[in-house]
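Undergrad:
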Amino acid sequence: VKSGNAVTVLTYLHGVKESMDSIEQLNKEAMDIDLIELRTLKPLDMETIRDSLQRTNKLCILDESTRSGGVGATISSRVCEEMFDLLDAPVIRLAMDDTPVPYASSMEKVVVKRSTDLIEGVMKLCTSRI
């Protein structure tokens, strides 16, 4: 969706909108993300992920599922197994806590990760020693 060099961000569905919302703020911090929208999860486009990681060497996964057993966990596992040498830092997974998703939209906003969470994750990858 967007090419950058600081951090690779993988996401899908609503995460794409949240990622797009964060780009302006990240650019102000001189951090450009390489945003990849996962249009299919099986097969997973590992070649696109590899090409991006060769530029950024950092990965942040914005996931709509839970932390345990979610899509992000599977992607993180595959990246660590197949592309570990490309990573300069551990993969950051921004996923829901292992709790039921509330029905009320006001409560859902607290559980589902948003653009502010992505900005914080990218900043952590780029500025601190992990």
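Take any residue in the sequence shown, note its place counting from 1, add 76, and you have its number in our numbering.
The C-beta atom is built at its ideal place from N, Cα and C for all residues, glycine as well.
It should be emphasised that the depicted structure is a prediction, and the values quoted were computed from it without experimental measurement.
(1) Hey, quick one: how far does the beta strand (DSSP E) through D139 stretch, first residue to last?
(2) Using a Cβ distance threshold of 8 Å, determine whether the segment 125-134 contacts the segment 96-106, with at least three qualifying pairs required.
(3) Would you grab the beta carbon distance between S191 and R169 for me? Rounded to a whole angstrom, and I think it's under 8 Å.
(4) Identify the continuous alpha helix (DSSP H) that holds L201 and give its terminal residues.
(5) In chain order, what are the residue ranges of uninterrupted alpha helix (DSSP H) at least 4 long that sit wholly in the segment 84-138?
(6) Using only the alpha-carbon positions, how far apart do P178 and L194 sit?
(7) Hey, could you find the ends of the alpha helix (DSSP H) A149 is sitting in?
(8) Using alpha carbons as the reference points, say which of S79, G145, L114 and E113 lies closest to D174.
(9) Could you check what DSSP says for L163 in three-state terms: helix, strand or coil?
TA: To lay it out plainly:
(1) L135 to T142
(2) no
(3) Not really, about 16 Å apart at Cβ, beyond 8 Å.
(4) S191 to T203
(5) 90-104 and 122-132
(6) 21 Å
(7) V147 to M159
(8) G145
(9) coil
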